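Undergrad:
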Amino acid sequence: MSFMNTIKVATEGACKARWSCAPPGERFRCAMCGHKLIPGDEYAVVYTNDMRGCWGNPIFCSACFEDDVQASRNKWAEKCTQWEQLQEKYWFFVRED
Ligand SMILES: [Zn+2]
Numbered sequence: 297m298s299f300m301n302t303i304k305v306a307t308e309g310a311c312k313a314r315w316s317c318a319p320p321g322e323r324f325r326c327a328m329c330g331h332k333l334i335p336g337d338e339y340a341v342v343y344t345n346d347m348r349g350c351w352g353n354p355i356f357c358s359a360c361f362e363d364d365v366q367a368s369r370n371k372w373a374e375k376c377t378q379w380e381q382l383q384e385k386y387w388f389f390v391r392e393d
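For what it's worth, my numbering labels the leading residue of the sequence shown as 297, then goes sequentially.
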């Protein structure tokens, strides 16, 4: 897991890679603020696969990432809870039927 939970510098290759099964480069962005990463930006992949009710291993930009990794994980858990509540409230816009 050394790839995760530490700040890295985005390379051209990382910016053009497939993230989360999307077309190349499309999802190489911060899961917290939406910033689309470009070469030279700092980012971290935060391990969250062990957290119940959370979508796994989001990318954080350096502005959103906390050196205290657990704080980043907590921010992500809170965002996942907010998303669940939004889906319930705005069900009409997220339905898949
Ligand atoms: Zn961010």
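Idealized CB from N, CA, C, for every residue including glycine. Please read these numbers as outputs of a predicted model, since none were measured by experiment.
1) How would you call S368, buried or exposed, if buried means at least 16 neighbouring beta carbons within 10 angstroms?
2) Answer yes or no: do N370 and Y343 have a C-beta to C-beta separation smaller than 7 Å?
3) Are there any heavy atoms of ligand 1 lying less than 6 Å away from the beta-carbon of A359, as far as the coordinates show?
4) For a quick check, are the C-beta atoms of E338 and S316 less than 7 Å apart?
5) To the nearest angstrom, report how far apart N345 and G352 are at their CA atoms.
6) Taking the alpha-carbon of I303 as reference, which of G321, R314, A318, D364 has the nearest alpha-carbon?
7) From the DSSP output, read off the bridge partner residues of V365.
8) So what does DSSP say about V342, is it helix, strand or coil?
9) Do C350 and C326 have their C-beta atoms closer together than 7 Å?
TA: To lay it out plainly:
1) buried
2) With respect to the 7 Å criterion, N370 and Y343 are not classified as neighbours on the basis of their beta carbons.
3) Yes, Cβ of A359 sits closer than 6 Å to a heavy atom of ligand 1.
4) no
5) 5 Å
6) D364
7) BP columns for V365 are empty, so no partner.
8) coil
9) no
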